[in-house]
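In the numbering used here, the protein residues as written are 6 to 201.
Note sheet for the following structure.
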């Protein structure tokens, strides 16, 4: 199971190099690979990046749009989506900092990939950045294998990624000792019930 994850992670690093994301994103800020690729918990061809910017002003919006335009002209890119989650557009300001987002659907080595790129000026408030210091040190091969097994089982369920997120899996395994999908389903049921 960890071997498959390691192969996906190597593919993710190849995508990063193939699209020259280090140079492209450096025009706007400092990029960091985050999420499952950084934590060694990959089950899908998804690559998450946080790009720390000095500020999220009109110049940043223009720079992010320019990055999106450059990606859109790449022959292996199918779709680029831009979203402004700053100020009044940020629907969860207590949970997430303001940010600008690029979602990219592309192909690398014949496989479809999704890239989620967040441009932020308050990285300390971004959960994916925090996970690099709060979760990564707690991961063992055993807990990684449990997380990957649960994520793989849940990956195609409609609630996964919406009402049930990867972080729920991480919490269940690392905080509550859950080690398989059946126990995770029970764990979710106990925590996701509507409150009276």
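Even glycine gets a Cβ: it sits at the ideal position worked out from N, Cα and C.
{"query": "Would the beta-carbon of residue 35 fall within 7 Å of that of residue 66?", "result": "no"}
{"query": "By DSSP, does residue 87 sit in helix, in strand, or in coil?", "result": "strand"}
{"query": "Considering just the uninterrupted stretch of the beta strand (DSSP E) at residue 54, what are its terminal residues?", "result": "51-57"}
{"query": "Note the first and the last residue of the continuous alpha helix (DSSP H) segment covering residue 16.", "result": "7-23"}
{"query": "Which term fits residue 172, buried or exposed, when burial requires 16 or more other beta carbons within 10 angstroms of its beta carbon?", "result": "exposed"}
{"query": "Quick one: give me the first and last residue of the alpha helix (DSSP H) that residue 30 is part of.", "result": "26-31"}
{"query": "For residue 33, collect the residues of the same chain with a Cβ closer than 8 Å to its Cβ; drop the 5 residues on either side in sequence, then sort them by chain order.", "result": "56, 58, 65, 68, 69, 72 and 124"}
{"query": "CB residue 113 to CB residue 18, shorter than 7 Å?", "result": "no"}
{"query": "Counting along the chain, where does the alpha helix (DSSP H) carrying residue 137 start and finish?", "result": "132-139"}
{"query": "My parser needs the alpha helix (DSSP H) runs of 4 or more residues fully inside the segment 172-200; what are they?", "result": "186-196"}
{"query": "Using only alpha-carbon positions, find the residue among 12, 142 and 126 that is nearest to residue 104.", "result": "126"}
{"query": "Residue 151 lies in the alpha helix (DSSP H); which residues open and close that run?", "result": "146-159"}
{"query": "Let me confirm a value: residue 191 is counted as buried when at least 16 other C-beta atoms fall within 10 Å, else exposed. Which label applies?", "result": "exposed"}
{"query": "What does the alpha-carbon distance come out to for the pair residue 9 and residue 109?", "result": "23 Å"}
{"query": "Here's the rule: buried if 16 or more other CB atoms are within 10 angstroms of the residue's CB, otherwise exposed. What is residue 182?", "result": "exposed"}
{"query": "Assuming the contact rule is C-beta atoms closer than 8 Å, residue 118 and residue 50 should be a hit. Round their C-beta distance to whole Å, please.", "result": "5 Å"}
{"query": "In whole angstroms, what is the alpha-carbon distance linking residue 45 and residue 95?", "result": "29 Å"}
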